[in-house]
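End of the sequence shown sits at 1133 in the numbering used here; the numbers just go up one at a time, nothing left out.
The block underneath contains the structure these notes are about, expressed in structure tokens.
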Amino acid sequence: MTEALAAPAKSTRSLWVRLLVALTSATALVATVLVVAAAAVFPPIGARRTARAAAEAEVSSQLETDERVVAQAFASQRRWTDMWRESFGVVVATDRRLLYVGAPPTPLLRPRDEGPLELLVESYPYASAFTLDPRTLWGGRVRGLVLRTPLTQVDFLVDDNDWDRAARIARAASEARRAVTQEMQQLDDVTRAPLPRAEQYETYVVRRGETLTGLALRFRTSPDVLRQLNQLRTDRIQSGQRLRVPKHLSVPEQPADSSVYR
872 MTEALAAPAK STRSLWVRLL VALTSATALV ATVLVVAAAA VFPPIGARRT ARAAAEAEVS
932 SQLETDERVV AQAFASQRRW TDMWRESFGV VVATDRRLLY VGAPPTPLLR PRDEGPLELL
992 VESYPYASAF TLDPRTLWGG RVRGLVLRTP LTQVDFLVDD NDWDRAARIA RAASEARRAV
1052 TQEMQQLDDV TRAPLPRAEQ YETYVVRRGE TLTGLALRFR TSPDVLRQLN QLRTDRIQSG
1112 QRLRVPKHLS VPEQPADSSV YR
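Listed below in structure tokens is the structure:
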């Protein structure tokens, strides 16, 4: 009798144990998701300052001889390759190109190795095809610069206090690209071969002894062209016949009995 009463109590305890294990697993899963989400939204303390300082130092080393910075602003990116976690850097408009230098986000599952940061460097010469426009992103929640090339689009997120500097970058890049485009157009106009003028013709009176082949050589054309111009069925021509011939300088006239015209 005692054993019969003890069995339901043991079954009840087993049910509660399974329930607690399930709740613990679910809680651990939810906690993990929250930690990852928090890491994606909130960067580690000091990560923004460290990344921006490293990016500014890298910009100085990236500048070429006599390259001048026109405008710059702090910016960040969120790439799907980084699980949409924010990376911090700087966007720079120089007198030659648009430059972005940024540091990747801190690894989630392991601490960052000691030593200098691995920096992402993107360079867009003004001679290349791209546009840079200030825009509101993510449904108007943030501001940024949108860079478009024929193959891709890159978004740079900008804080409100850097918005004026970002707008100056967009204007500087637009003006520089316009100047480069005009310079390339002028260079193309100078070096491009002139278009051939429309062919002009004049009337020529055939002299005694001249042949169609000889006239073709003299007027730097071919017998086929002369036949088409004058609707000739054969190469036979006669003295006094009026023919249409190309109007340009001809080779010096040869004596009628020269083999060139036979």
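Ideal Cβ positions, reconstructed from N, Cα and C, are used throughout, including at glycine.
Predicted model, so just to flag it, every value in this text is computed and none were measured.
| Near Asp953, what residues of its chain come up, given a Cβ to Cβ distance below 6 Å and the 5 sequence neighbours on each side ignored? | Pro976
| message | For a test of the three-state rule: what should DSSP assign to Asp953, helix, strand or coil? | response | helix
| From Ala909 to Gly1015, what distance separates their C-alpha atoms? | With a pLDDT of 47 at Ala909, under the threshold of 50, the modelled position of this residue cannot be trusted; read the value that follows with caution. Each residue's Cα considered, the two are about 22 Å apart.
| Asp1030 to Thr936, Cα distance in whole Å? | 31 Å
| message | With a threshold of 8 Å, are at least 3 pairs of Cβ atoms found where one atom belongs to the stretch 1077-1090 and the other to the stretch 1028-1044? | response | no
| query | Taking the alpha-carbon positions, what's the Gln948 to Val961 distance? | reply | 10 Å
| said: From the DSSP secondary-structure annotation, give me the bridge partner or partners of Asp1004. | reply: Val1017
| message | Bridge partners for Leu1083 per DSSP, in chain order? | response | Leu1083 is not bridged to any residue.
| Sequence-distant residues of the same chain with beta carbon closer than 8 Å to Leu1028, five excluded per side | Ala946, Ser947, Gln948, Arg949, Glu957, Leu1008, Val1013, Arg1014 and Gly1015
| query | Span of the alpha helix (DSSP H) holding Leu1100? | reply | Pro1094 to Asn1101
| Between the CA atoms of Leu1022 and Arg1089 - distance to the nearest angstrom | 55 Å
| Between which two residues does the beta strand (DSSP E) containing Ser994 stretch? | Leu991 to Pro996
| said: Which residue marks the beginning of the alpha helix (DSSP H) containing Thr977, and which one marks its end? | reply: No alpha helix (DSSP H) holds Thr977; DSSP gives it neither H nor E.
| said: By the three-class DSSP mapping on this structure, what secondary structure does Glu1046 have? | reply: helix
| Coil, strand or helix - Glu1073 by DSSP | strand
| request: Would you mind reading off the limits of the beta strand (DSSP E) that contains Gln1024? | output: Gln1024 to Val1029
| Nearest to Thr921 (by Cα), restricted to the options Leu990, Leu1114, Leu934 and Gln943 | Leu990
| message | Applying the 10 Å Cβ sphere with the 16-neighbour rule, what's the burial state of Arg1048? | response | buried
| request: Using beta-carbon positions only, say whether Tyr995 and Arg1019 come within less than 8 Å of one another. | output: no
| field | Asp966 versus Glu938: straight-line alpha-carbon distance, rounded | value | 6 Å
| message | Only counting the same chain, and skipping five residues up and downstream in sequence, which positions put a Cβ closer than 6 Å to that of Ala1000? | response | Pro1021
| request: Mind checking who Ala944 pairs with in its DSSP beta bridge? | output: Val962
| 8 Å CB neighbourhood of Gly1011 in its chain, flanking five on each side removed | none
| request: Determine the closest residue to Val1116 out of Asp1095, Thr1105 and Gln1053, with distance taken between C-alpha atoms. | output: Asp1095
| Should Ala925 and Asp1033 be called a contact, given that it needs their Cβ atoms to be closer than 8 Å? | no
| message | Going by DSSP in three states, Arg1113 sits in which element: helix, strand or coil? | response | strand
| task | Ignore the nearest five residues each way along the sequence and tell me which others in Leu1100's own chain have a CB closer than 6 Å to its CB. | result | Arg1115
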